[in-house]
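Novice: Chains P and Y are the protein sequences, given in the same order.
With the numbering used here, letter number 136 in the first sequence gets 147, and the count goes up by one each step, no holes.
With the numbering used here, letter number 51 in the second sequence gets 113, and the count goes up by one each step, no holes.
All C-beta atoms in this analysis are idealised placements derived from N, C-alpha and C, irrespective of residue type, glycine included.
Keep in mind the model is a prediction, meaning the values are calculated, not measured.
So that we are looking at the same thing, I have put the structure below in structure tokens.
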Amino acid sequence: MESLTNRSKMVSNKKMTFLEKLYLPAIFGGMLITIKHLFRKSNTIKYPEEQRVFAPVYRGQHVLKRDEQGRENCTACGLCAVACPAEAITMIAAEREKGEEHLYREEKYAEKYEINMLRCIFCGLCEEACPKEAIFLTDRIVPSNLQRGEFIYGKDKLVEDVNDRVDISLRQLTGKRKEK
Amino acid sequence: MNTEMFFEKLILVVVLFSVSLLIAMYSTYLERKVAAWLQDRVGPDRAGPFGILQPMADGAKMFFKEDFIPVNSDKWLFILAPGIAMFTALITGSVIPWGHNIVAFGRDISLQVADINIGILFILGFVSIGVYGIMIGGWASNNKYSLFAAIRASSQMISYELAMGIAVITVVLMSGSLSLRDIVDAQHGMSWFVFKQPLAFLIFFVCALAECNRAPFDLAECESELIGGYHTEYGSMKLGFFLFAEYINIFISAAVIAALFLGGYNFPGMDAFTGNTLALLGIGAFFAKIFLVIFIFMWIRWTLPRFRYDQLMHLGWKKLIPIALINLLITAIVIAFSEGWFN
Chain P
12 MESLTNRSKM VSNKKMTFLE KLYLPAIFGG MLITIKHLFR KSNTIKYPEE QRVFAPVYRG
72 QHVLKRDEQG RENCTACGLC AVACPAEAIT MIAAEREKGE EHLYREEKYA EKYEINMLRC
132 IFCGLCEEAC PKEAIFLTDR IVPSNLQRGE FIYGKDKLVE DVNDRVDISL RQLTGKRKEK
Chain Y
63 MNTEMFFEKL ILVVVLFSVS LLIAMYSTYL ERKVAAWLQD RVGPDRAGPF GILQPMADGA
123 KMFFKEDFIP VNSDKWLFIL APGIAMFTAL ITGSVIPWGH NIVAFGRDIS LQVADINIGI
183 LFILGFVSIG VYGIMIGGWA SNNKYSLFAA IRASSQMISY ELAMGIAVIT VVLMSGSLSL
243 RDIVDAQHGM SWFVFKQPLA FLIFFVCALA ECNRAPFDLA ECESELIGGY HTEYGSMKLG
303 FFLFAEYINI FISAAVIAAL FLGGYNFPGM DAFTGNTLAL LGIGAFFAKI FLVIFIFMWI
363 RWTLPRFRYD QLMHLGWKKL IPIALINLLI TAIVIAFSEG WFN
């Protein structure tokens, strides 16, 4: 029978030679190999002093983006909630009032938008489903917490600050989105 | 025994106890560090600088856990087992000579708590009683897996005690006395027994590994084989005692190996020193040898895979005992020749 790769070795059932039966030469050979590792550099990255380099497509914490005028993009259409395989996203929609044109882009907006970070599997399907380019996954890591309740992120943690925008240009350039 | 002698021995016992505990504690830290270095990792380095306070953290964790006794277990035996393990581990340290006599406070203080003339036999005897700690722990747990593990561990330990004893007889033949002080004194300077009896050294080393239930002979307590082995049902400080007793056993076994084969507190060029300097340098040399042997124990653990139970028994009975006996025979014949018995 043909083998798939050329790395397979035939198993031999030969009896052990006298030197092999002693075990000692093999043991000393093994110990020599192990002691060499004592003098090698370790591969450990000591978090949080050192951080590892993420790929441009790394999927971390979500962000709800605003447009150039500072208005929220999200219209609470619910496509991200439907797309989410872990059912982590919930939202309540509301109608935009007269004096709120500078806050929200369209007449419908998300009054309450919550992502349960413990259910989220960071797959990015919500980002792919969004028609308004509102939700993206950034390379920030979700910090640890001592209480379960604090893992349900509301709009205060997800919507980006007007003055301090989150840079997602690398995510927009990979995959299907074209630069406008 | 007058009060001065009493206090001298009392202080020596307290110092020895604390040193044993301290070294066993830092052996746990060193084990994790050496394991990490041999595996291209770093090991614990968060608790204190370089992770030095890690054993304190482990001890505190053990204290804070719930100390339960399983309902159907034999309550008094359950509590007794870790005690026996710890007791036999600590008491063997009392006959080991830690150095030459120190002159202090106008007295000649011997650094050996009890210089009995059957030293090495005492140690072998207490190592045998140590098997009880494991056996009772496994039985009292009322758990099939623990019992299995305890039976395997005790059969392993008694099998390897035989070869160990025969290797020790070889050393005793060479030094002429069972007292550890005399055995160490017979290895003055650089004439250590490891050069004259390499085979006995090897046999004793392998048997010491088996007695400490240490890889590659750790079938009794490894997680993948028998859940947790004989200490499955133990928690909190009782488990701490079992684990700690194992590390104290490692320390004492290393001390015995250093005393019997590596020359104890003797070092090359020791004739140039006298008095307290000689004693201190001797203590330093002894501990350096002990740490070397402990490092080799750990090195072997992280190199070799585990022995299967039947391979272990085969090695102990069918290989080590015949080799030890032949070694003993040859040594005896050579000594008889050199003493003129055949003239």
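Tell me, to the nearest whole angstrom, how far the beta carbon of Phe-313 (chain Y) is from that of Ala-86 (chain Y); I am working on the premise that it is less than 8 angstroms.
Specialist: 6 angstroms
Novice: Within its chain, find whatever has a CB closer than 8 angstroms to the CB of Asn-338 (chain Y); leave out the 5 residues flanking it on each side and keep chain order.
Specialist: Ile-164, Val-165 and Ala-166
Novice: Looking at the secondary structure, which residues open and close the alpha helix (DSSP H) in which Leu-75 (chain P) lies?
Specialist: Element bounds for Leu-75 (chain P): not the alpha helix (DSSP H) but the beta strand (DSSP E), 73–75.
Novice: Are the C-beta of Gln-259 (chain Y) and some C-beta of chain P separated by less than 8 angstroms?
Specialist: Judged by the 8 angstroms Cβ criterion, Gln-259 (chain Y) is not in contact with chain P.
Novice: Just to confirm before moving on: does the CB-CB distance between Cys-88 (chain P) and Ile-146 (chain P) stay below 8 angstroms?
Specialist: no
Novice: Per the contact definition of three or more C-beta pairs closer than 8 angstroms, is the stretch 121–130 of chain P in contact with the stretch 158–177 of chain P?
Specialist: Cβ pair count under 8 angstroms is three or more, so yes.
Novice: Mind checking whether Arg-116 (chain P) and Asp-78 (chain P) have CB atoms under 8 angstroms apart?
Specialist: yes
Novice: With C-beta atoms as the reference, is Ile-33 (chain Y) less than 8 angstroms away from Ala-386 (chain Y)?
Specialist: This structure cannot settle anything about residue 33 (chain Y), because the visible part of chain Y is limited to 63 through 405.
Novice: Any beta carbon of chain Y sitting closer than 8 angstroms to that of Leu-49 (chain P)?
Specialist: yes
Novice: Counting only runs of 4+ residues fully inside the stretch 163–220 of chain Y, write out the alpha helix (DSSP H) ranges in chain order.
Specialist: Listed in chain order, the complete alpha helix (DSSP H) runs (minimum 4 residues) inside the stretch 163–220 of chain Y are 181–202.
Novice: Out of curiosity, what's the CA-to-CA distance linking Met-236 (chain Y) and Ile-171 (chain Y)?
Specialist: Near 28 angstroms, if we compare the C-alpha coordinates of Ile-171 (chain Y) and Met-236 (chain Y).
Novice: Bridge partners for Asn-17 (chain P) per DSSP, in chain order?
Specialist: According to DSSP, which records beta bridges pairwise, Asn-17 (chain P) is partnered with nothing at all.
Novice: Does the distance from the C-beta atom of Leu-366 (chain Y) to that of Gly-41 (chain P) stay below 8 angstroms?
Specialist: yes
Novice: Compare the C-beta of Met-42 (chain P) against all C-beta atoms of chain Y and say whether one is closer than 8 angstroms.
Specialist: yes
Novice: Please list the partners that Ser-53 (chain P) has in chain Y, where partner means a Cβ-to-Cβ separation under 7 angstroms.
Specialist: Asp-102, Arg-103 and Val-104
Novice: Which term fits His-73 (chain P), buried or exposed, when burial requires 16 or more other beta carbons within 10 angstroms of its beta carbon?
Specialist: buried
Novice: Mind pulling the chain Y residues with CB within less than 8 angstroms of Thr-149 (chain P)?
Specialist: Neighbours of Thr-149 (chain P) on chain Y: none; closest Cβ ~28 angstroms, over 8 angstroms.
Novice: Tell me the DSSP secondary structure of Lys-57 (chain P) in three-state form.
Specialist: coil
Novice: So which residues on chain P does Leu-366 (chain Y) lean against when the C-beta distance must stay under 7 angstroms?
Specialist: Ile-38 and Gly-41
Novice: Ordered along the chain, which non-local residues of its own chain (more than five positions away) have a Cβ less than 8 angstroms from that of Leu-139 (chain Y)?
Specialist: Ile-198, Trp-201 and Ala-202
Novice: Does any C-beta atom of chain Y lie closer than 8 angstroms to the C-beta of Thr-45 (chain P)?
Specialist: yes
Novice: My understanding is that Phe-188 (chain Y) touches Thr-150 (chain Y), with C-beta atoms under 8 angstroms, so please give their C-beta distance in whole angstroms.
Specialist: 5 angstroms
Novice: Distance, Cα to Cα, Tyr-194 (chain Y) vs Ile-146 (chain Y)?
Specialist: 7 angstroms
Novice: List the residues of chain P that Trp-361 (chain Y) touches, going by C-beta distances under 8 angstroms, in chain order.
Specialist: Met-42, Thr-45 and Ile-46
Novice: May I have the straight-line CA-CA distance separating Val-268 (chain Y) from Gln-259 (chain Y), to the nearest angstrom?
Specialist: 15 angstroms
Novice: Would you call the CB atoms of Trp-356 (chain Y) and Ala-307 (chain Y) closer than 8 angstroms?
Specialist: Note that residue 356 (chain Y) corresponds to Ile in the displayed sequence, not to Trp. No, Cβ-Cβ distance for Ile-356 (chain Y) and Ala-307 (chain Y) is not below 8 angstroms.
Novice: Just list the residues that DSSP pairs Glu-161 (chain P) with in beta bridges.
Specialist: Bridge partners of Glu-161 (chain P): none, in fact.
Novice: Do we get a CB-CB distance below 8 angstroms when we pair Trp-99 (chain Y) with the residues of chain P?
Specialist: yes
Novice: As an exercise, report each continuous alpha helix (DSSP H) stretch of at least 4 residues that is fully enclosed by the stretch 320–404 of chain Y, in chain order.
Specialist: 337–363, 371–375 and 383–400
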